[in-house]
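Asker:
Protein chains: 2
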Amino acid sequence: MSEQNKIPQATAKRLPLYYRFINNLHIQGKLRVSSKELSEAVKVDSATIRRDFSYFGALGKKGYGYNVEYLLEFFRKTLDQDEKTPVALIGVGNLGTAFLNYNFTKNNNTKIEMAFDADPNKVGTEIGGVPIYHIDELEQKLSEVQAAILTVPLAEAQNITERLIKSGVTGILNFTPARITVPEGVRVHHIDLSVELQSLVYFMKHYPLDTDEEA
Amino acid sequence: MSEQNKIPQATAKRLPLYYRFINNLHIQGKLRVSSKELSEAVKVDSATIRRDFSYFGALGKKGYGYNVEYLLEFFRKTLDQDEKTPVALIGVGNLGTAFLNYNFTKNNNTKIEMAFDADPNKVGTEIGGVPIYHIDELEQKLSEVQAAILTVPLAEAQNITERLIKSGVTGILNFTPARITVPEGVRVHHIDLSVELQSLVYFMKHYPLDTDEEA
DNA sequence: ACATCTTTGTGACAATTTTCACGACATAAG
DNA sequence: CTTATGTCGTGAAAATTGTCACAAAGATGT
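As they're listed, the protein sequences go chains A and B. For the first sequence, the UniProt record's numbering begins at 1 and goes up steadily by one. For the second sequence, the UniProt record's numbering begins at 1 and goes up steadily by one.
What follows is the structure, encoded as structure tokens:
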């Protein structure tokens, strides 16, 4: 599947962010960009940006900066923007609905292909162009899908997770407070809104003067 | 305000997570817990947990573990769970609505006191018990509020941010894709749903066998 | 053509964070 | 009392990540 385990995780986490901004620049018709400019836009130190880019070789030109078109093309390849990754969303509550309306596909390699919920009023409808199926049909419908966004109530989280994995899902974006357990080989990224808010408040009170940090 | 700048940021970020799970244990009636057990629950290495706790002194007993009641009490104090922090939410779209229904107050020191939106149909109503005011009333209503959750469209982000800061807000949880610019002293945590999904997909494809990581 | 200005890419270093591994103490059982 | 087992707290080592600062290369202007 892949070869470069050399790229630090910290760098890998920043790549999608870079991609987004480079894409913006391209849309704005900008032809070149320096690490300093990019730094101001994404709020990451310019030296860090140069170092990050350098893991992929020499992408820029000295005295000039980076060619936006070239950079964009490079990131498109690196981030597999050409092959679309089908995603399913489980749990069409408020948060789930927000995702369905988000329209990720715009500049992205991900597309939410289908959603699942237990509510009969929702089943059969569409939100943001995404069809909603009943949760009982999960195993049946999930054949091509590799990634899932989990926005179900806490109590269902582990149960649904197991069904997803049995159906071949290898990546889960988990918005429930549950720290779900998965077999090796399955990636889980947790985003706990309550923890994020708590964290912000803690940092506000205990680290008053610092510059902003990632969550 | 505070004194211990000694606690590493990485540790600080995990504190709310620990708190949540210790609270769960307490509710379940558990009397003690070992770093190993906690490790399995929160998916953080047990040595890291012991190290994290040790920054606060000796919270546990050798050969025994940690007393849940004591630990909970300790975290309650450390995370300022006694003084409620008032929060405002700006932008009552799908995502904003999800937050309003989330009911953070349950086991938390944060409470969304008010929300703002530009839509006249929403202004004057309540969601999840939180009153919705017109965005024009922002400066007027925001007196006590120190933190804000930003769930507005991209185009408004920087503009609203500046108004928030003028009104005394010192912490922002930013869900817009914009990397907002703020003066020193204001904390911003960014959560970009699109970047999170991209990131998950990238890790799935390029770091296949690893164990799960934070987002 | 030349001097000057910019900006990259990176070696060296600093800071942060994680992990190992072990002494010390707790508890329980024989 | 002694042994076996479990667990913390923490020095020390390792790994990861971030920052500095500068030579080299190319861009730009006259």
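Ideal placement from N, C-alpha and C gives every residue a C-beta, glycine not left out.
When the Cα atoms are used, what is the spatial distance from A/Ile90 to A/Thr97?
Answerer: A/Ile90 and A/Thr97: Cα-Cα distance of roughly 10 Å.
Asker: Of all the CB atoms in chain B, is at least one closer than 7 Å to the CB of A/Arg76?
Answerer: Output row for A/Arg76: interface = no.
Asker: So, do the segment 50-58 of chain A and the segment 8-19 of chain A have three or more beta carbon pairs nearer to each other than 8 Å?
Answerer: Touching, yes, given that three or more Cβ pairs across the two stretches are closer than 8 Å.
Asker: What residue range is occupied by the uninterrupted beta strand (DSSP E) comprising B/Asn174?
Answerer: Gly171 to Asn174 is the span of the beta strand (DSSP E), which, as asked, contains B/Asn174.
Asker: Using the Cβ count rule (16 or more neighbours within 10 Å means buried), how would you classify B/Gln198?
Answerer: With 16 or more other Cβ atoms within 10 Å, it is buried.
Asker: Going along the chain, which residues of its own chain have a beta-carbon closer than 7 Å to the beta-carbon of B/Leu38, five neighbours each way excluded?
Answerer: So the qualifying residues of the chain are Phe21 and Ile49.
Asker: Tell whether a beta-carbon distance below 7 Å holds between A/Leu150 and A/Thr176.
Answerer: In contact: A/Leu150 and A/Thr176 (Cβ atoms closer than 7 Å).
Asker: Taking DSSP as the reference, what is the three-state secondary structure of A/Val87?
Answerer: Strand at A/Val87.
Asker: Within 10 angstroms of the Cβ of B/Lys205, are there 16 or more other Cβ atoms? Answer buried if so, exposed if not.
Answerer: Its Cβ being crowded by 16 or more others within 10 Å, B/Lys205 is buried.
Asker: Report yes or no: is there a C-beta of chain B within less than 7 Å of the C-beta of A/Thr48?
Answerer: No, A/Thr48 lies away from the interface with chain B (no Cβ there is under 7 Å from its Cβ).
Asker: Does the Cβ-Cβ distance between A/Ala148 and A/Leu138 come in under 7 Å?
Answerer: No, they are not a contact pair.
Asker: CB-CB under 6 Å to A/Met1, same chain, minus the five flanking residues each way: which ones, in chain order?
Answerer: Only weak support exists for where A/Met1 lies, its pLDDT of 43 falling under 50; the coordinates are left without a value.
Asker: Name, please, each residue of chain B whose Cβ falls closer than 7 Å to the Cβ of A/Ala41.
Answerer: Ordered by position in chain B, the residues that pass the 7 Å Cβ test against A/Ala41 are Arg179.
Asker: Using the rule of at least 16 other Cβ atoms within 10 Å of the residue's Cβ for burial, across every protein chain shown, is A/Lys6 buried or exposed?
Answerer: The residue is exposed, with fewer than 16 neighbouring Cβ atoms inside 10 Å.
Asker: Comparing C-alpha positions only, which one of B/Tyr70, B/Ala47, B/Asn109 and B/Ile160 sits nearest to B/Ala118?
Answerer: Looking at the Cα atoms, B/Ile160 is the closest of the given residues.
Asker: Got a sec: is the Cβ-Cβ distance from B/Pro16 to anything in chain A below 7 Å?
Answerer: Answer yes: the Cβ-Cβ gap between B/Pro16 and chain A drops below 7 Å somewhere.
Asker: Would you kindly work out how many angstroms separate the C-alpha atoms of B/Ile135 and A/Pro8, rounded to a whole number?
Answerer: Approximately 42 Å between the Cα atoms of the pair.
Asker: Among residues of its own chain, excluding the 5 on either side of B/Tyr19, which ones have a beta-carbon nearer than 7 Å to its beta-carbon?
Answerer: The residues are Phe75 and Leu79.
Asker: Please report the residue range of the beta strand (DSSP E) in which B/Phe116 lies.
Answerer: B/Phe116 -> beta strand (DSSP E) spans Thr110 to Asp117.
Asker: Determine, for B/Glu144, whether the minimum Cβ-Cβ distance to residues of chain A falls below 7 Å.
Answerer: Not one chain A Cβ lies under 7 Å of B/Glu144.
Asker: Which value, in whole angstroms, describes the spacing of the CA atoms of B/Phe126 and B/Thr110?
Answerer: The identity of residue 126 of chain B in the sequence shown is Glu, whereas the question assumes Phe. The straight-line gap from Cα to Cα measures roughly 18 Å.
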